[in-house]
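Chains G, P and W are the protein sequences, given in the same order. Using numbering that gives the first Met the number 0, the first residue of the first sequence is number 0, and each one after it goes up by one. Using numbering that gives the first Met the number 0, the first residue of the second sequence is number 0, and each one after it goes up by one. Using numbering that gives the first Met the number 0, the first residue of the third sequence is number 0, and each one after it goes up by one. Working notes, beginning with the structure itself.
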Amino acid sequence: MATDSPPLLLAVVSFLSVCQQGYFASAVGRSRKKHNVMPPAVNGPAEFERIFRAQQNCVEFYPLFLVLLWTAGSFFNQELAAIIGLCYMYARHMYFHGYAESAKGRLSGFYWNLVILFSLLVLGAAGITNQALDEYLDFDLLKKIRQLF
Amino acid sequence: MATDSPPLLLAVVSFLSVCQQGYFASAVGRSRKKHNVMPPAVNGPAEFERIFRAQQNCVEFYPLFLVLLWTAGSFFNQELAAIIGLCYMYARHMYFHGYAESAKGRLSGFYWNLVILFSLLVLGAAGITNQALDEYLDFDLLKKIRQLF
Amino acid sequence: MATDSPPLLLAVVSFLSVCQQGYFASAVGRSRKKHNVMPPAVNGPAEFERIFRAQQNCVEFYPLFLVLLWTAGSFFNQELAAIIGLCYMYARHMYFHGYAESAKGRLSGFYWNLVILFSLLVLGAAGITNQALDEYLDFDLLKKIRQLF
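Written out as structure tokens, the structure reads:
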């Protein structure tokens, strides 16, 4: 057991999101069997192509999600970032199953994903800026704001 | 040199796996030249399509592998996670070269990959659970188990 | 605010590169609208296919870039790794916009990307080797080299 292990809540959310990504990949596998689309083919019935593309989109955004989750969680607030991370997973769930139903069905989940990523982006930028002010100008803005209340 | 650098063995395995991913990408490039499949095309002779899809699958699973490697290594045991990580790289090697030969050839490497990822998942879940018990209930299960021997 | 947050400069470069990856993804979305290529389709006019493939290539290399950036930055030198990371982002910018113009236009950016990744790889290998010598043989090579000057 490492004595100074990484932030637990961020690790838990990352771990859960890996399980979700694995679930998406296995859904593609099941859809391959159902529609008899044998690798290396990636073209087939419309339903298979939607599920495949839904998973590809989740794969593309996954490293972005991880970096923003850890940036917001390490520099701003771990608990808040972890909760937003769980919301992201829920929006990905909506996106994936909506897309599997119809191309239009992906939209609401997708827009939620963007909103959630954007909120992590804002928290990350705030946290990084605060840390930079603190490190280079010795000025801890977040602490001053907290002292106001 | 940072004074508190990240766990060395996990960094070494991550570094080696980056080299392997780079090798897979360059194999796709060589296959493009051999079969005269010029970008942005991704369709061509069956051999090219198998190699391309083999690399795509490695790309899809790479962030999952990294998260599980670091979770298992940070919260359970670094040495064990690093060894399992090297096994994963070997199974990816089998998968990639098997897939390049034939679509069936990918299967044994692929199943090994899943087994190995699953074992990292179990170690990661055990390590995270233990850390959570320790942090929130002040109860270090792994330590108690070790004391039994 | 975590007391021992990750290296700030590496976090800043990672954060900026996430924004760039998001920009690439949105460029694909805009190109879908312009050329009326509705998801889940990924085939269409040549310009759309080039932009789509440019983004896919950036996605494929993104985890490799992150691992090498953090390895070089954690084990060799944070400032140097961060500067090289910004160069990588610039080369990705060249690559993406060059590829959007023509298939040949991707080449110069792509070769720069490889050169830059290779330099991060060399720094990472040097840093890891030095750390291993230090940890297992108690011999800090980089420190000795610095003492020569």
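Glycine included, C-beta positions come from ideal geometry on N, C-alpha and C.
Contact between the segment 46-59 of chain W and the segment 27-44 of chain P is present: three or more C-beta pairs spanning the two stretches fall below 8 Å. Taking the CA atoms as reference points, P:V114 sits about 17 Å from P:G72. Along the segment 101-132 of chain W, going in chain order, the ones with a CB nearer than 8 Å to a CB of chain P are A102, R105, L116, L120, G123, A124, G126, I127, N129, Q130 and A131. For the C-beta of W:V11, not a single chain P residue is nearer than 8 Å; the gap to the nearest is close to 16 Å.
Under the Cβ criterion of 7 Å, G:R52 is counted among the residues facing chain W. The DSSP-derived three-state label of P:P62 is helix. Only buried fits W:L116, as 16 or more other CB atoms lie within 10 angstroms of its CB. By the rule that beta-carbons nearer than 7 Å mark a contact, G:L63 touches chain W. Of all C-beta pairs linking the segment 69-83 of chain P to the segment 94-101 of chain P, fewer than three are shorter than 8 Å, placing the two stretches out of contact.
Out of P:G97, P:L68, P:A131 and P:S30, the CA that lies nearest to the CA of P:Y87 is found in P:L68. Contact check for G:I127 and W:A10: beta-carbon distance about 6 Å, within the 8 Å limit, so the pair qualifies.
Look at the segment 25-37 of chain G: it has no residue with a C-beta under 8 Å from a C-beta of chain W.
Taking G:L141 as the centre and dropping the five residues before and after it, the same chain places the C-beta of N129 closer than 6 Å to its C-beta, in chain order.
For G:Y89, the closest C-alpha among the options G:A24, G:V121, G:I144 and G:L15 is that of G:L15. Against chain W, the beta carbon of P:G21 has neighbours under 7 Å at L63, listed in chain order. Within the segment 66-86 of chain P, the residues whose Cβ lies closer than 9 Å to any Cβ of chain G are, in chain order, V66, L67, W69, T70, G72, S73, F74, F75, N76 and Q77.
In its chain, beyond the 5 residues on either side, M93 and G97 have a beta carbon closer than 7 Å to the beta carbon of W:S107.
Within 9 Å of the CB of W:R49, the CB atoms of chain P belong to P38 and P39, in sequence order along the chain. For P:V121, the uninterrupted alpha helix (DSSP H) run begins and ends at R105 to L136, by DSSP.
Going by DSSP, W:V11 is part of the alpha helix (DSSP H) stretching over L7 to H34.
Between W:V17 and the set G:L136, G:V121 and G:L147, the nearest pair of CA atoms involves G:V121. Using a CB distance cut-off of 7 Å, G:E46 does not count as an interface residue toward chain W. P:V58 places its beta carbon 7 Å or farther from that of W:E46. W:F95 is outside the set of residues whose beta carbon lies under 7 Å from a beta carbon in chain G.
Just so you know, the alpha carbons of G:F23 and P:F138 end up roughly 35 Å apart. CA-to-CA, the gap between G:R91 and G:N112 works out to about 7 Å. Closest option to G:F95, judged by alpha-carbon separation, among G:A125, G:I144, G:H34 and G:E48: G:E48.
Apart from sequence neighbours up to five positions away, no residue of its chain approaches G:V66 with a beta-carbon distance below 8 Å. Note on W:F148: under 16 other CB atoms within 10 angstroms of its CB, so exposed under the neighbour-count rule. Interface annotation, G:P6: not in contact with chain P, CB-CB separation never under 7 Å. Between P:G43 and P:H34, the CB-CB gap stays under 7 Å.
For W:F75, there is no enclosing alpha helix (DSSP H), as DSSP marks it with neither H nor E. DSSP places W:N42 outside both helix and strand once states are collapsed to three, so it counts as coil. Nearest Cα to P:G123 within the set P:D3, P:S13, P:F64 and P:G21: P:F64. Take P:D133, set aside five residues on each side of it, and the residues of its chain with a beta-carbon closer than 6 Å to its own are D139, in chain order.
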